[in-house]
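Written out below as structure tokens is the structure these notes cover.
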Amino acid sequence: MKTYRKELWFKTETRRAFINITPQIEECLRESGIKEGLLLCNAMHITSSVFINDDEPGLHRDFERFLEKLAPEKPYAQYDHNGFEDNADAHLKRTIMGREVVVAITDGKLDFGPWEQIFYGEFDGKRRKRVLVKIIGE
Ligand code: ZN
């Protein structure tokens, strides 16, 4: 069995952002040489997410509104966590959007359903943060 590990780094200009990282993940898969197996991709921070959905700008604005309704960024004082930090909303948003995705690798490709794309979801950005890619198989 082959294994492959890589860290991808991101630094967004804004506090919140959704980035389609599918091309980078496909590059990792090519680099790994693995044709049949499983790919895990997870955020290595507790205020960002990796999730699969449609690459459609309207949907991304809907996600932003949906998350702001559930866990609004402001006022910061509404959260117990915000004693020394201001990112309680980011922890909550990340929990809703999830930590990781697992994708089947078939015939050297990500075995996606229609419209599936992998996104990095940033909820407390403007600093360098990592995503882990782990691939196992043969
Ligand atoms: Zn925090």
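In the UniProt record's numbering, the protein residues as written are 1 to 138.
Think of the CB as a built atom: it goes at the ideal place given N, C-alpha and C, for glycine as much as any other residue.
Practice item. Tell me whether the beta-carbon of residue 174 lies closer than 7 angstroms to the beta-carbon of His81. Key: In this structure the chain extends from 1 to 138, so residue 174 is not present and cannot be described.
Check your understanding: Should Gly137 be labelled buried (16 or more other beta-carbon atoms within 10 Å of its own) or exposed?
Key -> buried
**Study point:** Phe10, DSSP secondary structure in three states
**Key:** strand
Check your understanding: Does the ligand ZN have a heavy atom nearer than 6 angstroms to the CB of Asn82?
Key -> no
Review point. Just to check, is the beta-carbon of Asn87 closer than 6 angstroms to a non-hydrogen atom of the ligand ZN?
Key: yes
Exercise for review: Taking only runs that begin and end inside the region 13-43, name each unbroken beta strand (DSSP E) of 3 or more residues, in chain order.
Suggested key: 17-20, 37-43
Check your understanding: Between the C-alpha atoms of Tyr120 and Gly83, what's the straight-line distance to the nearest angstrom?
Key -> 27 angstroms
Check your understanding: Among Arg99, Leu8, Asp54, which has the Cα closest to the Cα of Pro114?
Key -> Asp54
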